[in-house]
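Following: one structure in structure tokens, then a few remarks.
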Amino acid sequence: MTEDTKEPLGGRLLVVAFEGWNDAGEAASGAVRVLRDSLALRPLLEIDPEPYYDYQFNRPTVGVDEDGKRSLTWPGTTISGPDPEAAKPATPLAEDAALRVSEGGGDNVYVLLGAEPSRGWKAFVDEILAVITEHRITGMVMLGAMLADVPHTRPISVFASSENAELRQALQLERSTYEGPVGILSVLADAAERQGVQSLSVWASVPHYVHSAPSPKAVLALIDKLEELIDVVIPRGALVEESGEWQSGIDTLAAEDEDMAAYIQQLEQARDTVESPEASGEAIAKEFERYLRRDEGKGDEPWRKDRE
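Numbering-wise (the working numbering), the sequence shown opens with residue 149 and increments by one.
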């Protein structure tokens, strides 16, 4: 194994995503699944869901397995990591890569994927910190996605920030100015920093008028940023094609609805008028505030009420 903790995010890394409140368009969880599968990581720990989940809010699901048997899947959180038996000598994925990944799987990349817990957040975070300590993880990348007033026809806005001054300087990140309610990602990042584990957050903005459908375009945007930050190559698979189909599908819906088309045009004009709004931490924070305070009465067709 090759580790270089002198480089920013150069040691063992934990990439984190939670389904639910932090995962608009299933973008963050989708990006972590792509990373986990591409590195063939194996489950290291499944956190007992019983103390942390309200099953009326996060309900178990029933499905049919490969043998045709029906079985329940309970909400929970799994931490996955490299398989020592499958690992081969590590080779750099890029000439200037501080992070190295073996041919058989990631030798210093771990992932956490789960549903945001309903209760017991402090105890929940303590369990994760214990795993971080056990596996000598030195850095964390938190992936999230939020609903925002952005058009689907433009590149997905992605904002990376960190409370760690060293990371901000090394990676040219901003410090978020957002104040208000937070999710489990922020709680975990704060606890990790207090324990000496560097962390940064990467958020994608997903068009709120298509909130009910997964967004492969946002998944791609997060993967692009993740590659840039940790210098690891992540195969795209069918994501590029799926992203194009996602955008074309929304284009078709808009072509059949004048109000929706006009609303999207307004968003496009606003995006094009303001120069690089995604580069401003303050702008992203304002988007987040609008998301948190969004009028629930808008329902599935916000463009109609916005134009009334």
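All residues carry an ideal CB built from backbone N, CA and C; glycine is no exception.
Under 6 Å Cβ to Cβ from residue i, same chain only, skipping five residues before and after it: list those, please.
| i | result |
| --- | --- |
| Ala369 | Ile304, Val306 and Ala352 |
| Pro383 | Ser186 |
| Ser219 | Asp213 |
| Ile227 | Leu192, Leu193, Leu260 and Val279 |
| Ser349 | Met290 and Ser309 |
| Ala366 | Gly173, Ala175, Ala293, Ile304, Ala352 and Val354 |
| Gly385 | none |
| Leu319 | Pro156 |
So, with DSSP's three-state summary, where would you put residue i?
| i | result |
| --- | --- |
| Val163 | strand |
| Thr92 | There is no way to answer for residue 92, as the model of the chain reaches only from 149 to 456. |
| Ile371 | helix |
| Ala245 | Only weak support is given to the placement of Ala245: the predicted model assigns it a pLDDT of 42, under 50, and the value that follows is read from those uncertain coordinates. Coil at Ala245, not helix or strand. |
| Pro156 | coil |
| Asp171 | strand |
| Pro383 | coil |
| Leu415 | helix |
| Gly397 | helix |
| Ala238 | Since pLDDT at Ala238 reaches only 46, below the 50 mark, its modelled position is unreliable, and the value read off the structure follows with that caveat. Strand at Ala238. |
| Val389 | It should be noted that the sequence gives Glu, not Val, for residue 389. Helix, per DSSP. |
| Glu406 | helix |
Using 8 Å for Cβ pairs, my map puts residue i next to residue j. What's the rounded Cβ distance?
| i | j | result |
| --- | --- | --- |
| Pro197 | Gly168 | In fact, because the Cβ distance is near 14 Å, the residues do not count as touching under 8 Å. |
| Arg184 | Leu261 | 7 Å |
| Leu315 | Gln343 | In fact, because the Cβ distance is near 15 Å, the residues do not count as touching under 8 Å. |
| Ala337 | Met290 | 6 Å |
| Ala271 | Pro199 | 7 Å |
| Val330 | Arg419 | Not a contact, Cβ separation roughly 26 Å. |
| Ala402 | Ile412 | 6 Å |
Taking 7 Å as the limit between beta carbons, can you name the residues of its chain near residue i, skipping five residues before and five after?
| i | result |
| --- | --- |
| Ala176 | Ala165, Asn170, Leu291, Gly292, Ala293 and Leu370 |
| Glu390 | Pro364 |
| Glu416 | Pro299, Thr301 and Arg302 |
| Pro362 | Gly173, Glu174 and Gly178 |
| Val273 | Val335, Leu336 and Ala339 |
Between residue i and the rest of its own chain, which residues show a CB-CB distance below 8 Å, the 5 nearest in sequence each way excluded?
| i | result |
| --- | --- |
| Tyr258 | Arg160, Leu161, Leu162, Val163, Leu189, Leu192, Ile227, Ser228, Gly229, Pro230, His283 and Ile285 |
| Thr281 | Gln343 |
Inset, instruction - Return the chain-ordered ranges of every alpha helix (DSSP H) run that is complete within the segment 247–314 and spans a minimum of 4 residues. - result: 269–282
Legend entry - Given 8 Å, three or more beta-carbon pairs between the segment 394–412 and the segment 204–220: no
Inset, instruction - Indicate whether the contact test is met: 3 or more Cβ pairs, each with one atom in the segment 319–336 and one in the segment 354–365, closer than 8 Å. - result: no
Legend entry - Stretch pair the segment 165–181 + the segment 276–285: three plus CB contacts closer than 8 Å: no
Legend entry - the segment 264–271 / the segment 378–394 touching (three or more Cβ pairs under 8 Å): no
Legend entry - Contact between the segment 155–174 and the segment 282–297 (3+ Cβ pairs under 8 Å): yes
Inset, instruction - Entirely within the segment 327–374 and at least 3 residues each: give me those beta strand (DSSP E) ranges in chain order. - result: 346–355
Inset, instruction - Please specify which runs of the beta strand (DSSP E), each continuous and at least 3 residues long, are wholly inside the segment 190–236, giving them in chain order. - result: 190–195, 209–212, 218–221 and 225–229
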